[in-house]
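Comments concern the structure below.
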Amino acid sequence: MIIAVDGPAAAGKGTIARALARHFGFHFLDTGSLYRMVGLAAIRAGGEPITAEAAIAAAKSLDPSRFTDSELRNEKVGDAASIAAVIPEVRAALLDLQRDFARKPPGAVLDGRDIGTVVCPDADAKLFITARAEVRARRRQMELGSADYEAVLADIRARDERDSKRATAPLVAAADAVVLDTSEMDIAAAVEAAIAAVVAVELKGRI
Ligand code: CDP
Numbered sequence: 019m020i021i022a023v024d025g026p027a028a029a030g031k032g033t034i035a036r037a038l039a040r041h042f043g044f045h046f047l048d049t050g051s052l053y054r055m056v057g058l059a060a061i062r063a064g065g066e067p068i069t070a071e072a073a074i075a076a077a078k079s080l081d082p083s084r085f086t087d088s089e090l091r092n093e094k095v096g097d098a099a100s101i102a103a104v105i106p107e108v109r110a111a112l113l114d115l116q117r118d119f120a121r122k123p124p125g126a127v128l129d130g131r132d133i134g135t136v137v138c139p140d141a142d143a144k145l146f147i148t149a150r151a152e153v154r155a156r157r158r159q160m161e162l163g164s165a166d167y168e169a170v171l172a173d174i175r176a177r178d179e180r181d182s183k184r185a186t187a188p189l190v191a192a193a194d195a196v197v198l199d200t201s202e203m204d205i206a207a208a209v210e211a212a213i214a215a216v217v218a219v220e221l222k223g224r225i
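Numbering (the numbering used here), first residue to last: 19 to 225.
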């Protein structure tokens, strides 16, 4: 079974996807971390702003053991990831890796931007997690321990724009995705709603 969890930055999809994987006993892949690795490797190779050549080379020779979680989770790397993610060759280089992971028995949860639309269009359940940009900026500000709310909001808006407008695999809800707006939900409520949505889709599939 494959569960696809997509949505914009800081909507809560990582937390929800992890909780779904734990609940159903499935494997979990944060596909954003792959793009972040590419972004960071491109920065290491050629500095900023990253070049397309550096990003493509990084994606083709990606070695996840060369990165730690803490160095991947900052806005500089997030921005480099979103710039690299626009490049079709980068996306193509990461496709097999994601699809191989998705096939792991007994099931897998993948979170990202294009899981339900491009990576696993046949996923058994698709969720699109969203929230208002202002709410997402507050959450990201708390996560980063950053003082500057306006700067975080501007960054979220810039990333939304770049992710949604790119030609290859733009951020968009799959036609058959369940859309979950978490603006007014805490983590427990969002996780509960996501589990209920997956169970409902599963039951519908059996009838
Ligand atoms: O945590 P946050 O949502 O801010 O970012 P992320 O999920 O770690 O992804 C970082 C960047 O990678 C995003 O802004 C996207 O541009 C890109 N990405 C993508 O294009 N496709 C995916 N499946 C996952 C991430």
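Heads up, the beta-carbon is just placed ideally off N, CA and C, and yes, glycines get one too.
{"Item": "Within 8 angstroms, strictly: CB atoms of residue 57 and residue 68", "Value": "yes"}
{"Item": "Where residue 136 sits in the DSSP three-state scheme", "Value": "helix"}
{"Item": "Own chain, CB closer than 6 angstroms to residue 44, minus 5 neighbours either side, in chain order", "Value": "125, 126 and 127"}
{"Item": "Buried versus exposed, by CB contacts within 10 Å (16 or more), residue 167", "Value": "exposed"}
{"Item": "Residue nearest to residue 137 in terms of C-alpha spacing, selected from 41, 47 and 205", "Value": "47"}
{"Item": "Chain-order list of residues whose beta-carbon lies under 8 angstroms from that of residue 35 (same chain, five-residue window excluded)", "Value": "21, 23, 46, 48, 127, 128 and 129"}
{"Item": "beta-carbon residue 167 near ligand 1 non-hydrogen atom, thresh 7 angstroms", "Value": "no"}
{"Item": "When 171, 59 and 30 are compared against residue 84, the one with the closest alpha-carbon", "Value": "59"}
{"Item": "Helix, strand or coil at residue 97 [DSSP, three-state]", "Value": "helix"}
{"Item": "Exposed unless 16 or more other CB atoms sit within 10 angstroms - verdict on residue 113", "Value": "exposed"}
{"Item": "Classification of residue 78 by the beta-carbon crowding that lies within 10 angstroms, buried from 16 upward", "Value": "exposed"}
{"Item": "Span separating the alpha-carbon of residue 184 from that of residue 104", "Value": "6 angstroms"}
{"Item": "Between the CA atoms of residue 131 and residue 172 - distance to the nearest angstrom", "Value": "19 angstroms"}
{"Item": "Inter-residue CB distance, residue 147 and residue 25 (contact presumed, cutoff 8 angstroms)", "Value": "4 angstroms"}
{"Item": "Alpha-carbon to alpha-carbon, residue 158 and residue 62", "Value": "25 angstroms"}
{"Item": "Residue 99: CB within 7 angstroms of a non-hydrogen atom of ligand 1", "Value": "yes"}
{"Item": "Heavy atom of ligand 1 within 7 angstroms of residue 133 beta-carbon", "Value": "yes"}
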